[in-house]
Amino acid sequence: MKKVAILYIALGRYIVFWKDFFESCQANLSPCEKHYFIWTDNTDFDYSDIPNVTVIPAQKRGWPYDTLLRFEMFLGMEKELKKFDYIYFFNANFQFVAPVDLAEITPREWHDGLVAGSHPGRRGDVLAGNPDLFGYERRPESTAYVPFGKGKDYVCGAFNGGTSAAFLTMCQVLAKNVQIDLKNGIVARVDDESHLNAYLIDKKYLLCGRAYGFPEGKLKHVNRVEMPMIKIISRHKESPKYGGVKWLRGQTDKKMPNNAFTRNIMRPLCHGVALFIPIKKYRSRVRGYFG
Numbered sequence: 586m587k588k589v590a591i592l593y594i595a596l597g598r599y600i601v602f603w604k605d606f607f608e609s610c611q612a613n614l615s616p617c618e619k620h621y622f623i624w625t626d627n628t629d630f631d632y633s634d635i636p637n638v639t640v641i642p643a644q645k646r647g648w649p650y651d652t653l654l655r656f657e658m659f660l661g662m663e664k665e666l667k668k669f670d671y672i673y674f675f676n677a678n679f680q681f682v683a684p685v686d687l688a689e690i691t692p693r694e695w696h697d698g699l700v701a702g703s704h705p706g707r708r709g710d711v712l713a714g715n716p717d718l719f720g721y722e723r724r725p726e727s728t729a730y731v732p733f734g735k736g737k738d739y740v741c742g743a744f745n746g747g748t749s750a751a752f753l754t755m756c757q758v759l760a761k762n763v764q765i766d767l768k769n770g771i772v773a774r775v776d777d778e779s780h781l782n783a784y785l786i787d788k789k790y791l792l793c794g795r796a797y798g799f800p801e802g803k804l805k806h807v808n809r810v811e812m813p814m815i816k817i818i819s820r821h822k823e824s825p826k827y828g829g830v831k832w833l834r835g836q837t838d839k840k841m842p843n844n845a846f847t848r849n850i851m852r853p854l855c856h857g858v859a860l861f862i863p864i865k866k867y868r869s870r871v872r873g874y875f876g
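Just so you know, we're using this note's numbering here: the sequence shown kicks off at 586 and counts up by one.
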């Protein structure tokens, strides 16, 4: 039985996702012996005192450092993590919705021991086959720099892993690179995700598709044939049922309202307004404001 370390960060209000993630991973990821390492500043939450959960006290540093410094956080448990066959990191808002055989996310012998998840929002760029459209860090001053003309995939920072040796080596390199950037006054374009993409540029790795991080907000557009293929979802942080992303990040103490007025009036209104916004990122933000 392979031993698998599951890495999970739940700082501040992101602990709201933990219970569902833990229960769904326990029920669906097999066959393996799973142990969870959760970095959090919370002290009272479900499953915090069971044998296969290790709670590591962590300080909330604010955005973007809570995500940018994750490689450094993981290395704090390097001695323990070396005891496992595989290590996988999952974003706090991930949830398993179907059985996943460990073999599906295990790197093959021709890979460099690493696994990464395809970014669900970059599917069109991948199909176009043009890496110059990817959101890589393009500033040569950054250690996450990727020149135009390089790259074949754009991976998400929300799901990655591999053999313990390969994953920890990656963490060592990226923790150092992030610190070099910070000393030079640089935060990479997409924080830790930019550093991850730069590291993988010349690596051979198993690329897991959208089925292993499918956006919850797009499930309503999935037909009956495709639905059983989805294994893990990325829950919609902008949704009122999770308080909204600003509430989750501690940028406001007011949760996004989740009531009939929101569902029946504000959500359709935002979708309609979004049609007239020319800039894609703002259009997507307005469209998803109420889920």
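Backbone N, C-alpha and C fix where the C-beta goes; we use that ideal spot for every residue, glycine too. Note that the structure is a prediction, hence the values are computed from the model and not measured.
Secondary structure at H620: strand, using DSSP grouped into helix, strand and coil. Judged by DSSP secondary structure, T748 falls within the beta strand (DSSP E) whose first and last residues are 740-748. Taking 3 residues as the minimum length, the beta strand (DSSP E) runs contained wholly in the region 612-688 are 618-625, 638-642, 671-675, 679-681, in order along the chain. Here G746 is buried. Its C-beta has 16 or more other C-beta atoms within 10 Å. Pairing Q680 with I817 gives a Cβ-Cβ distance under 8 Å.
L833 sits in a helix when the DSSP states are folded into three classes. Counting the other CB atoms within 10 Å of its CB gives G734 a total below 16, which places it among the exposed residues. For S869, the enclosing alpha helix (DSSP H) starts and ends at 865-872.
L860 sits exposed, since fewer than 16 C-beta atoms from the chains shown fall within 10 Å of its C-beta.
With respect to the 8 Å criterion, S779 and Y721 are classified as neighbours on the basis of their beta carbons. Listed in chain order, the non-local C-beta contacts of T837 below 7 Å within the same chain comprise K831, local neighbours out to five positions each way being set aside. Note that the C-beta distance between P842 and P853 is not below 8 Å.
Membership of P800 in the beta strand (DSSP E) is indicated by the continuous run 797-800.
DSSP links S703 through a beta bridge to V740.
Short of 7 Å from the beta carbon of H696, and not among the five residues preceding or following it, lie these beta carbons of its own chain, in chain order: K789, Y790, L791.
Around the C-beta of H806, fewer than 16 other C-beta atoms lie within 10 Å, and the residue is accordingly described as exposed.
No Cβ-Cβ contact shorter than 8 Å links G742 with D717. With the rule of 3 Cβ pairs closer than 8 Å, the region 667-678 does not count as touching the region 629-642. If you look at V858, you'll find it in the alpha helix (DSSP H) that goes 852-859.
Residue pairing for I594: DSSP places it in a beta bridge opposite W624. In the same chain as G698, and ignoring 5 residues on each side of it, the C-beta atoms closer than 7 Å to its own belong to P692, G747, T748, A750, A751, in chain order. In the same chain as K587, and ignoring 5 residues on each side of it, the C-beta atoms closer than 6 Å to its own belong to C617, D670, in chain order. L596 and T625 do touch by the CB rule: their CB atoms are close to 6 Å apart, below 8 Å. Within its own chain, the residues whose Cβ lies closer than 7 Å to the Cβ of L660, once the five positions on either side in sequence are excluded, are C756, Q757, A760, listed in chain order.
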